[in-house]
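Chains as they are written, first to last, in my numbering: chain A, 1 to 268; chain B, 269 to 536.
These notes are about the structure you will find just below.
Number of protein chains: 2
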Amino acid sequence: MKNNYYNRLKKICTTKDSLLCIGLDFDLDKIQCNNVNDLDSLESFIKDVIDSTIDICPIFKPNFAFYEKYGPQGMVLLKNIVDYINGRSIVIADAKRGDIGNTSKNYASSIFDYYNFDAITISPYMGSDAIEPFIKNPEKGVYLLCLTSNKSAIDFQYKFSDGTYLYEDVANLALSLNYNNNIGLVVGATKQENMKRIKEVAPSLTWLVPGIGAQGGDLEQSVTLSNVNKSIGIINISRSIIYAGNQSLDAIRDAALNFNEKINKILK
Amino acid sequence: MKNNYYNRLKKICTTKDSLLCIGLDFDLDKIQCNNVNDLDSLESFIKDVIDSTIDICPIFKPNFAFYEKYGPQGMVLLKNIVDYINGRSIVIADAKRGDIGNTSKNYASSIFDYYNFDAITISPYMGSDAIEPFIKNPEKGVYLLCLTSNKSAIDFQYKFSDGTYLYEDVANLALSLNYNNNIGLVVGATKQENMKRIKEVAPSLTWLVPGIGAQGGDLEQSVTLSNVNKSIGIINISRSIIYAGNQSLDAIRDAALNFNEKINKILK
């Protein structure tokens, strides 16, 4: 399948020689540039950031919370961003959706058909019913929350029985549903032993790795563990790039270049 | 705390003598009425349904998927619905959100401040970090996904260790976070023994019970188990009300009245 999600991801990462995923999670309150103060100027700024980085960034990932907070106008902005990227990079909807089948079908229609995202993040709590409507189209990708890097990940994800942690059970289910080769896992940059367990359960699955940069996760370990054999580990950086230095486009590009070089150096 | 979410819920259920929550999950493709064929006519129809039922319905619950699928215009419709209800009933955002703290804060701002919902459903996979931003305001309620009624709930929710199922761990965490008396649980109409276990862990927590009606759950058992002592169990019905009979407003009101009578008969 030429247009299969995994193949598209692999091709674009190879072409741009990069595994970088930039999290487009802009907050009007945090942007220091004087000319960014409303949704219109924010849209221009995000487009400028995309232009400044798209040659070295194969994946962009806007988190929906940062757009939904502005109501319907925020969703217009989000759609304009996806349209602007227009297939030049993969765009992941970081929406963490998940509901019963009939409802997930409508979410899939929203994310893939209306907004035209290439992939989505999904919360696994409700099980396979909640995932299946998102994986039917082999061209669209799904990243299932597996092991997250926030403090309270320990509340449920590390529940252990029959020799496995809950996060391993999630990896195992993802593997069993990967008949279209379009499922990956969200694996936060956490302890090596936990990340290794996931690789053992599902060695072939692609990872989306948040938790580097502002959240303090280990880059070398994450890159090395997630990029083995045919599997691809894409590294998400949000705040450490979009708020880099003086927040000029040069500072943002430099930060992206810098992360890219670090990642590629680890792999060589 | 007079305006505390629990107290408001209790008061409105008592005043309307009802525990009914109508799921406003309309699908343009399923509505048979000839005059409902676009978002404008859908909005009028939903408002008519609200007018036809609001005296006997203390809670409405739109599921976001059914609005997001229409893009930003669907979100305008959603906001208009919440504005139209205007405090006459509780409105729960069935959005199943959940992300790291900084992100959840933005979701809370969207749901509670922009859209002005009274409560939200939350997915628990990421733990307490993901929940805390939603519970800070005692006037706003949170329903944590605990035990769901879909088939694949069994994939993860029944993981058992140290004497508890995962869904019991969720109930336990919810209880520990209920310092503002504004957390409830989503407990699908499933097997009695499982629902009982949740009541044992967290006897005081309010339940939102989906899975009755189209999904086939047991009404009597759900009503009896969830309404004990001071706890409130609200019963969600979506398709069996909004698509009732010939889908006329009379048929919809009759279906709501019928469920209400059944529920109240069980309690008396």
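Note that the Cβ used here is the ideal one computed from N, Cα and C, for glycine as well.
Item: Opening and closing residue of the alpha helix (DSSP H) in which residue 101 of chain A lies; Value: 101-108
Item: Proximity to residue 469 of chain B [Cα-Cα], best of B:458, B:435, B:282 and B:384; Value: B:435
Item: Residue 150 of chain A, buried or exposed, once every other Cβ within 10 Å from all chains shown has been counted against 16; Value: buried
Item: Residues of the stretch 435-459 of chain B whose Cβ lies closer than 8 Å to any Cβ of chain A, in chain order; Value: 437, 438 and 441
Item: Residue 422 of chain B at chain A interface by Cβ criterion, 8 Å; Value: yes
Item: Cβ-Cβ distance between residue 438 of chain B and residue 476 of chain B below 8 Å; Value: no
Item: Euclidean distance between Cα positions of residue 422 of chain B and residue 117 of chain A; Value: 30 Å
Item: At least 3 beta-carbon pairs within less than 8 Å: the stretch 270-279 of chain B vs the stretch 71-88 of chain A; Value: no
Item: Cβ pair residue 139 of chain A, residue 3 of chain A closer than 8 Å; Value: yes
Item: Cutoff 8 Å: residue 128 of chain A Cβ touching any chain B Cβ; Value: yes
Item: Chain-ordered residues of the stretch 470-482 of chain B with a beta carbon less than 8 Å from chain A; Value: none
Item: Short Cβ contact (8 Å threshold) for residue 490 of chain B with residue 127 of chain A; Value: no
Item: Secondary structure, beta strand (DSSP E): runs of 3+ residues fully inside the stretch 74-144 of chain A; Value: 90-97 and 119-122
Item: Contacts of residue 66 of chain A in chain B (Cβ-Cβ under 9 Å); Value: 371 and 374
Item: Beta-carbon proximity list for residue 405 of chain B, same chain, < 7 Å, skipping 5 on both sides; Value: 380
Item: Whole-angstrom C-beta distance between residue 97 of chain A and residue 122 of chain A, which should lie under 8 Å; Value: 6 Å
Item: DSSP three-state assignment for residue 282 of chain B, whether helix, strand or coil; Value: helix
Item: Simplified DSSP state of residue 320 of chain B, which is helix, strand or coil; Value: helix
Item: Cβ contact (3+ pairs, closer than 8 Å) linking the stretch 369-378 of chain B and the stretch 60-68 of chain A; Value: yes
Item: Listed by chain order, chain B residues near residue 98 of chain A by CB distance under 7 Å; Value: 364 and 391
Item: DSSP three-state assignment for residue 304 of chain B, whether helix, strand or coil; Value: coil
Item: Bridge partners - residue 21 of chain A, DSSP secondary structure assignment; Value: A:59 and A:236
Item: At least three beta-carbon pairs within less than 8 Å, the stretch 505-525 of chain B to the stretch 315-323 of chain B; Value: yes
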